[in-house]
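Be aware that the sequence shown starts at 4, since it is given in the working numbering, and climbs by one per residue.
Beta carbons: idealized from backbone N, C-alpha and C, even for Gly.
Remember, it's a predicted structure, so these values are computed and weren't measured experimentally.
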Amino acid sequence: MIRASIVGASGYAGGELLRLLLAHPHVEVSQITSETYAGQYAYFLHPNLRGHTDLRFVRLADLKPCDLLFLALPHGQAMDRIDDFASLAERIIDLSADFRLRDPADYPRWYGREHPAPRWLDRFVYGMPELHREELRTARYASGTGCNAIVTLLALWPLYRRGLVREAVVDLKVGSSEGGSKPTPASHHPERAGVVRTYAPVRHRHLAELIQELDLDPADPGLHLSITSVGIVRGALATCHCLLKEDLDERAVWRIYREDYADEPFVRLVRARRGIHRYPEPKILTGSNYCDIGFAADPGHRRLVVVAAIDNLMKGAAGNAVQTMNVMYSWPERTGLEFPGLHPI
Ligand SMILES: NC(=O)c1ccc[n+]([C@@H]2O[C@H](COP(=O)([O-])OP(=O)(O)OC[C@H]3O[C@@H](n4cnc5c(N)ncnc54)[C@H](OP(=O)(O)O)[C@@H]3O)[C@@H](O)[C@H]2O)c1
């Protein structure tokens, strides 16, 4: 057993982490923090956990040493206090963007601010087991990934690593929980309910992670990302329009994806010629850690459409962080992540 604490446990990602860790056989949750709700029971904010824990939120100042610290703070908070956090725990998994990018110059470029602790950037491994499993096995510090970044990376990695793509346009549709639990004018129910609202047609910040992880030219990545909010709470769907260097038939594409993902515990290839579940959809992944991937080739046009879906709070955040923890501690990767989702939902 290890003792883990969650900083920012009143939020959506922190609450999802708490749900997963309470059921994890090798983890005891020591403390959970919230500045606003210190003293309140966890289930006051996460009512699904009523009867599962009597933990109460504590303030950051009352945090005690533990084995593993999960940080689920808004971007820009962990980078300011990383030395303090590191003095409390042997290992850290940070879900924010603060330690995802290796190049310090990317922070002013993409996040509008110099990184205050650039020497820490090299110590963090990008927390995506599918791409960095070996480094994570010995890592003390891991970042999370952007939810839009991880679904796009899983969709495109097999093609990019083989140099098959000339240019790609990724159209992402995302649910409201991506924005976190703090209300904004855009999340106000009359403004948010039922929308199909494009809010980042170009230069979404997660493009920085894609450029880094796919090793693209920052000046001309040839990869374009557009994000649209849709009327769901959880879920992200990436529709990736790939213009290929040469034509690929579907059998060749299947071979490529099977080769890369056959042994991945949380990547499923969706292949059905009939029925209503022919392509991935986020709805049935709710609460599960899967990323479903499917595609359609357009023979003769050197075009391939790859479709990938996740639950943004699971494979996009807390579930992926637990998978990363499992790798770091050499536990089977599926531990605590067996829930297959719901149908119908
Ligand atoms: N939502 C997603 O789908 C998703 C996906 C991938 C990654 N992430 C990342 O995960 C992190 C958390 O996201 P979220 O959606 O869970 O956000 P959230 O719902 O807004 O939660 C933020 C948490 O941080 C705490 N907090 C805020 N400011 C603080 C401060 N100055 N000092 C101490 N605690 C503070 C809040 O506690 P109080 O109760 O005190 O306000 C709350 O517990 C973000 O960095 C986000 O980028 C989120």
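If you run the structure through DSSP and keep just helix, strand and coil, what is Leu134?
-> Reduced to three states, the DSSP call for Leu134 is helix.
Go ahead and label Leu76 buried or exposed: buried means 16 or more other beta carbons lie within 10 angstroms of its beta carbon, across all protein chains shown.
-> So Leu76 counts as buried.
For Lys318, does the count of other Cβ atoms within 10 angstroms reach 16, so buried, or fall short, so exposed?
-> Buried, because 16 or more other Cβ atoms sit within 10 Å of the Cβ of Lys318.
For Thr39, count neighbouring C-beta atoms within 10 Å of its own C-beta (all shown protein chains included) and say buried if the count is 16 or more, exposed if not.
-> Around the C-beta of Thr39, fewer than 16 other C-beta atoms lie within 10 Å, and the residue is accordingly described as exposed.
Considering only residues of the same chain and omitting the five flanking positions on each side of Ser180, which have a CB-CB separation below 8 Å?
-> Exclusion of the five residues before and after Ser180 leaves Tyr15, Val236, Arg237, Asn315 and Leu316 as the residues of its chain whose Cβ lies within less than 8 Å of its Cβ.
Mind checking whether the beta-carbon of Cys294 lies closer than 6 Å to any heavy atom of ligand 1?
-> Taken from the Cβ of Cys294, every heavy atom of ligand 1 lies 6 Å or farther away.
Taking C-alpha atoms, which residue in Ala211, Val32, Pro347 and Asp87 lies nearest to Thr148?
-> Answer by Cα proximity: Ala211.
Coil, strand or helix - Tyr293 by DSSP = In the structure shown, Tyr293 falls within a coil segment according to DSSP collapsed to helix, strand and coil.
Three or more beta-carbon pairs under 8 Å between the stretch 175-191 and the stretch 115-124, yes or no?
-> Contact between the stretch 175-191 and the stretch 115-124 is not established, with fewer than three Cβ pairs separated by less than 8 Å.
Evaluate Met131 with the Cβ neighbour count: other Cβ atoms within 10 Å of its Cβ, from every protein chain shown; 16 or more gives buried, anything less gives exposed.
-> Result: buried.
CB-CB under 6 Å to Ala299, same chain, minus the five flanking residues each way: which ones, in chain order?
-> Closer than 6 Å at Cβ, skipping near neighbours: Val308.
Whether Leu139 touches Val270 by CB criterion (7 Å) | Between Leu139 and Val270, the gap from beta carbon to beta carbon reaches 7 Å or more.
Out of Gly225, Pro204 and Ala320, point me to the one whose CA is closest to Ile214's CA.
-> Closest option to Ile214, judged by alpha-carbon separation, among Gly225, Pro204 and Ala320: Gly225.
Residue ranges of each beta strand (DSSP E) within the stretch 260-338, 3 or longer | Complete beta strand (DSSP E) runs here, min 3: 270-272, 294-301 and 306-313.
Spatial neighbours of Tyr293 within its chain, please: CB distance less than 6 Å, with the 5 preceding and 5 following residues excluded, ordered by chain position.
-> Hits under 6 Å: Phe269 and Arg271.
Ignore the nearest five residues each way along the sequence and tell me which others in Gly11's own chain have a CB closer than 6 Å to its CB.
-> Around Gly11: Gly17, Ala75 and Leu76.
Closest by C-alpha distance to Ile96, when choosing among Lys176, Asp263, Tyr202 and Ser8 = Relative to the Cα of Ile96, the nearest Cα in the group Lys176, Asp263, Tyr202 and Ser8 belongs to Ser8.
Taking just the CA atoms, how far does Ala81 sit from Leu71?
-> Straight-line Cα distance between these residues: approximately 15 Å.
Residue environment, Arg258, which counts as buried when at least 16 other CB atoms sit within 10 Å | Around the Cβ of Arg258, a 10 Å sphere holds fewer than 16 other Cβ atoms; the residue is exposed.
Closest residue to Leu48 among Leu21, Glu31 and Ser33 (Cα-Cα distance) | Checking every option, the nearest Cα to that of Leu48 belongs to Leu21.
May I ask you to report which of helix, strand or coil DSSP gives Tyr350?
-> Look at the range of the chain in this structure, 4 to 348, and you will see that residue 350 is not part of it.
Alpha carbon to alpha carbon, what distance is there between Thr338 and Asn323?
-> Asn323 and Thr338: Cα-Cα distance of roughly 12 Å.
Out of Arg165, Ala92 and His192, state which residue places its alpha-carbon closest to the alpha-carbon of Arg143.
-> Nearest C-alpha to Arg143: Ala92.
Could you name the residues that DSSP lists as bridge partners for Tyr144?
-> The partner list for Tyr144 (beta bridge, DSSP) reads Ile95 and Phe127.
Excluding sequence positions up to five away, which residues of its chain have a Cβ less than 7 Å from the Cβ of Lys286?
-> Excluding sequence neighbours, Lys286 sits near Gly238 and Ile348.
Quick one: using the 10 Å Cβ neighbour count with 16 as the cut-off for buried, is Asn151 buried or exposed?
-> A residue is called buried when at least 16 other Cβ atoms come within 10 angstroms of its Cβ; Asn151 meets this threshold and is buried.
What number of angstroms, rounded off, separates the C-alpha of Pro111 from the C-alpha of Gly178?
-> Taking the straight line from one Cα to the other gives about 27 Å.
By DSSP, does His192 sit in helix, in strand, or in coil?
-> Correct three-state label for His192: helix.
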